[in-house]
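Asker: In the working numbering, the protein residues as written are 562 to 1179. Note that the Cβ used here is the ideal one computed from N, Cα and C, for glycine as well. Please read all numbers here as calculations on a predicted model, not as lab measurements.
1. If I follow the unbroken beta strand (DSSP E) through residue 1153, where does it start and stop?
2. Rounded to the nearest angstrom, what separates residue 681 and residue 692 at their Cα positions?
3. Is there contact between the stretch 772 to 791 and the stretch 880 to 897, where contact requires at least three CB pairs shorter than 8 Å?
4. Can you check whether the CB of residue 1022 is closer than 8 Å to the CB of residue 993?
5. Can you say whether residue 631 is buried or exposed, counting buried as having 16 or more other CB atoms within 10 angstroms of its CB?
6. What is the DSSP secondary structure of residue 568, reduced to helix, strand or coil?
7. Taking only three categories from DSSP, how would you classify residue 989?
8. Does the Cβ-Cβ distance between residue 915 and residue 931 come in under 8 Å?
9. Determine the direct distance from the alpha carbon of residue 1036 to that of residue 1105, and round the result to whole angstroms.
10. Output the distance between the C-alpha atoms of residue 1011 and residue 879, rounded to the nearest integer angstrom.
11. Would you say residue 540 and residue 842 are within 8 Å of each other, going by their C-beta atoms?
12. How long is the line joining the alpha carbons of residue 1117 and residue 988, rounded to whole angstroms?
13. Would residue 937 and residue 600 qualify as a contact pair, given that the criterion is a beta-carbon distance under 8 Å?
14. Can you check whether the CB of residue 867 is closer than 8 Å to the CB of residue 906?
15. Counting beta carbon pairs with one atom in the stretch 622 to 641 and one in the stretch 813 to 828, are three or more of them shorter than 8 Å?
16. Go ahead and label residue 629 buried or exposed: buried means 16 or more other beta carbons lie within 10 angstroms of its beta carbon, across all protein chains shown.
17. Give the DSSP-derived three-state secondary structure of residue 1049 in the structure shown.
18. Cutting at 6 Å between CB atoms, please list the residues of its own chain near residue 807, excluding the five before and the five after it.
19. Give the range of the beta strand (DSSP E) segment to which residue 744 is assigned.
20. Rounded C-beta distance between residue 1112 and residue 1158? I'm assuming under 8 Å.
21. Excluding five sequence neighbours on each side, which residues of the same chain lie with their C-beta closer than 6 Å to the C-beta of residue 997?
22. What's the gap between the Cα of residue 1015 and the Cα of residue 813?
23. Confirm, please, whether the CB-CB distance from residue 754 to residue 648 is below 8 Å.
24. Taking all protein chains shown into account, do 16 or more other C-beta atoms lie within 10 angstroms of the C-beta of residue 1072, making it buried, or fewer, making it exposed?
25. Can you tell which of 1055, 1051, 1091 has the C-alpha that lies nearest to the C-alpha of residue 1006?
26. So what's residue 1119 in DSSP terms, helix, strand or just coil?
27. Which one of 650, 620, 615, 625 has the shortest CA to CA distance from residue 633?
28. Could you please give me the residues that DSSP links to residue 857 through a beta bridge?
29. Would a C-beta distance cut-off of 8 Å place residue 720 and residue 686 closer than the cut-off?
30. Within 8 Å, do at least three Cβ pairs link the stretch 655 to 674 to the stretch 605 to 623?
31. So the alpha helix (DSSP H) residue 733 belongs to, where does it begin and stop?
32. May I ask which residues mark the beginning and end of the alpha helix (DSSP H) holding residue 662?
33. Rank 1095, 978, 940 by C-alpha distance to the C-alpha of residue 957 and give the top, closest one.
34. For the beta strand (DSSP E) holding residue 586, just list the boundary residues, first then last.
35. Hey, which unbroken runs of the alpha helix (DSSP H) at 4 residues or more fall wholly within the stretch 753 to 841?
36. Contact between the stretch 850 to 868 and the stretch 669 to 678 is defined here as three or more beta-carbon pairs at a separation below 8 Å; is this criterion met?
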């Protein structure tokens, strides 16, 4: 007789079986894969014992390619076909790529996402990323000599929907089953919190090769709750390299015009940056157009050159503290994540801001992958010591466009995910049978100042008078931070929905400045919103009055009609102005001036309804 095997939800029914799940840190500069082995989360090495994999793919003739160290070594020799820092192009159009003209690639500005022309053909960032992910997949399968059950991939906290979706698409292309996308600071907090048995409020300062994130997390036993998050999806070690390269060229009076020279000076700048981590001075050396470039640079000079970039990160940190209504003294510690945090100037600036030295006892390159591996192991059902709960948040508010070009926010920023919220709306005009749904992301009051994510239409609404229909719009954000929106007319049941997969991400300057703009423009936005709302009400009142005059105008004396027409004309004139209080007053005068007309229409309606009927039948 076969025995029924029972298991906890999410656990394998076979107590001796183990699902192999790994965590992958798909980084701008380096990528890693980690797994829990023998109860310990650790990064998996390649055949030569190296844990990191440079995030560089070089395309060769004959459909061949190099990935990792060999590709990185060939950057200066084959700059147009050795693709590095591709993470910065994920989910973006060419217009969104900062300093595209100073990069050595042949960009193709195609619909949807920017692509790069290589000797192997046109490659999208998704395809290039898939090569890196596949390499890490093979490393993990070789380590375990078995297929993978699934993977947890980390993304910057400030990645928008397009960038997250592009990451999932790359994983699918690499043959990976994505269990979860989690934010890099959250993964780092998991690794740090479990390794050190820490509890309390911690700040995770994550400065990688291409992105910067700052998150505040409350660590409790088994629970990792994100309190607030911020950052810049277009700021990282690459920008430090570029700043140093530009300075060195200016010092020498030289230019980098060819693809070879552009890459050579960036490679040299990165080497000089890394040397200055331990040395007080070095020489930036490169070969440009057959002529050597040698520019001495001290650590003090490098710190001065890159100080504006460090200040940008500190500004984001202060914003996050304000969002969370916390002071620096409330933070128990600062965890440093990302290879760029090795720079002494960065560590000193962060330590000065928080009034305590940052925590650096974990390898900043590996901590994110280790945290992802811990989460992957839990999602695969292998964890034996209790459930691991991650409570992440969305970085920017989500909402809809309403009449007058206004934004009605449905889900506020820093809301814990997964989350679902609904809000009811109604029609604006009599007989309206369709409604356009415009989904937006950002913190401003007007549509024009926020980012458009998606549009769809709800059709088949039964014709009714304006305001009678009830349209419920539901926003759902899953654990990966991906959004879906559904709309339903509650009376008839007609519905429509969309999974938000925008073709490109938020522009670099928009991501960095959305929250800043939201705070700086709050007063002006509220004035503008009040004006738009007043104008919408004026338009609604005018339309309703015109419709009533067309239907029952004969009930009015000539003088009465002239008075109403005068009120309508007065309202139209005032509504064209910018005084929302005056518009509201004009709307009230029109409402008062039409009270008698409304009463006469109601009496006629009642009389028509009762004509020919007996009292007993009513």
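Answerer: Judging by the given coordinates:
1. Here residue 1153 refers to the residue found at position 592 of the chain shown. Not the beta strand (DSSP E): residue 1153 falls in the alpha helix (DSSP H), residues 1141 to 1154.
2. Counting from 1 along the chain shown, the entry for residue 681 is found at position 120. Counting from 1 along the chain shown, the entry for residue 692 is found at position 131. The straight-line gap from Cα to Cα measures roughly 13 Å.
3. Touching, per the Cβ criterion.
4. Locating residue 993 in the chain shown gives position 432, where the first residue counts as 1. Locating residue 1022 in the chain shown gives position 461, where the first residue counts as 1. Yes, Cβ-Cβ distance for residue 993 and residue 1022 is below 8 Å.
5. Position 70 of the chain shown, counted from the start, is the residue given in the question as residue 631. With fewer than 16 Cβ atoms within 10 Å of its Cβ, residue 631 is classed as exposed.
6. Here residue 568 refers to the residue found at position 7 of the chain shown. Residue placement at residue 568 is poorly supported in this model, since its pLDDT is 44, which falls under 50; the coordinates are not used for a value here.
7. Here residue 989 corresponds to residue number 428 of the chain shown, with the count starting at 1. DSSP places residue 989 in coil when its eight states are reduced to three.
8. For this step, residue 915 is matched to residue 354 along the chain shown. For this step, residue 931 is matched to residue 370 along the chain shown. Contact annotation: residue 915 and residue 931 have beta-carbon atoms that are not nearer than 8 Å.
9. In the chain shown, the residue the question calls residue 1105 occupies position 544. In the chain shown, the residue the question calls residue 1036 occupies position 475. Here the alpha carbons of residue 1036 and residue 1105 stand approximately 32 Å from one another.
10. By 1-based counting over the chain shown, the position of residue 1011 is 450. By 1-based counting over the chain shown, the position of residue 879 is 318. Rounded to the nearest whole angstrom, the C-alpha separation of residue 1011 and residue 879 is 23 Å.
11. No information on residue 540 is available, as it lies outside the stretch 562 to 1179 that the chain covers here.
12. Numbered from its first residue, the chain shown carries residue 1117 at position 556. Numbered from its first residue, the chain shown carries residue 988 at position 427. Whole-angstrom Cα-Cα distance: 29 Å.
13. Here the question's residue 937 lines up with position 376 in the chain shown. Here the question's residue 600 lines up with position 39 in the chain shown. Their beta carbons are not under 8 Å apart, which means residue 937 does not touch residue 600 by this criterion.
14. Residue 906 sits at position 345 when you count from the first residue of the chain shown. Residue 867 sits at position 306 when you count from the first residue of the chain shown. By the CB criterion at 8 Å, residue 906 and residue 867 fall inside the cutoff.
15. Touching, per the Cβ criterion.
16. Numbered from its first residue, the chain shown carries residue 629 at position 68. Buried, since its Cβ has 16 or more Cβ neighbours within 10 Å.
17. Residue 1049 sits at position 488 when you count from the first residue of the chain shown. DSSP places residue 1049 in strand when its eight states are reduced to three.
18. Against the chain shown, residue 807 aligns to sequence position 246. Once the five neighbours on either side are set aside, residue 807 has no close Cβ partner at all.
19. Taking the first residue of the chain shown as 1, we reach residue 744 at position 183. Counting along the chain, the beta strand (DSSP E) containing residue 744 begins and ends at 739 to 744.
20. Counting from one through the chain shown, the residue named residue 1112 turns up at place 551. Counting from one through the chain shown, the residue named residue 1158 turns up at place 597. About 11 Å separates the beta carbon of residue 1112 from that of residue 1158, a gap too long to meet the 8 Å contact definition.
21. Mapped onto the chain shown, residue 997 falls at position 436. If we look at residue 997 and ignore the five residues flanking it on each side, its Cβ neighbours are 1018.
22. Your numbering for residue 1015 matches position 454 in the chain shown. Your numbering for residue 813 matches position 252 in the chain shown. Distance between the alpha carbons of residue 1015 and residue 813 is about 48 Å.
23. Counted from its first residue, the chain shown places residue 648 at position 87. Counted from its first residue, the chain shown places residue 754 at position 193. No.
24. Position 511 of the chain shown, counted from the first residue, corresponds to residue 1072. Residue placement at residue 1072 cannot be trusted, given a pLDDT of 37 that sits under 50; the coordinates are not used to answer.
25. Residue 1006 sits at position 445 when you count from the first residue of the chain shown. When each option's Cα is compared against that of residue 1006, the closest is 1091.
26. The sequence position of residue 1119 within the chain shown is 558, counting from 1. Residue 1119 falls in the helix class under three-state DSSP.
27. Against the chain shown, residue 633 aligns to sequence position 72. For the options 650, 620, 615, 625, the alpha carbon positioned closest to that of residue 633 is the one of 615.
28. Against the chain shown, residue 857 aligns to sequence position 296. Its beta-bridge partners are 844.
29. As a first step, residue 720 is located in the chain shown; it is residue number 159 there, counting from the start. As a first step, residue 686 is located in the chain shown; it is residue number 125 there, counting from the start. In this structure, residue 720 lies away from residue 686, with their beta-carbon atoms at least 8 Å apart.
30. Contact between the stretch 605 to 623 and the stretch 655 to 674 is absent, because fewer than three Cβ pairs lie under 8 Å.
31. In the chain shown, counting from the first residue as 1, residue 733 sits at position 172. Where residue 733 is concerned, the enclosing alpha helix (DSSP H) stretches over 722 to 734.
32. Here residue 662 refers to the residue found at position 101 of the chain shown. For residue 662, there is no enclosing alpha helix (DSSP H), as DSSP gives it neither H nor E.
33. Stepping through the chain shown from its first residue, residue 957 is reached at position 396. Among 1095, 978, 940, the Cα nearest to that of residue 957 belongs to 978.
34. The residue labelled residue 586 in the question sits at position 25 within the chain shown. Secondary structure note for residue 586: its beta strand (DSSP E) is the uninterrupted segment 582 to 587.
35. Counting only runs of 4 or more, we get 798 to 813, 820 to 836.
36. Result no; under three Cβ-Cβ pairs closer than 8 Å.
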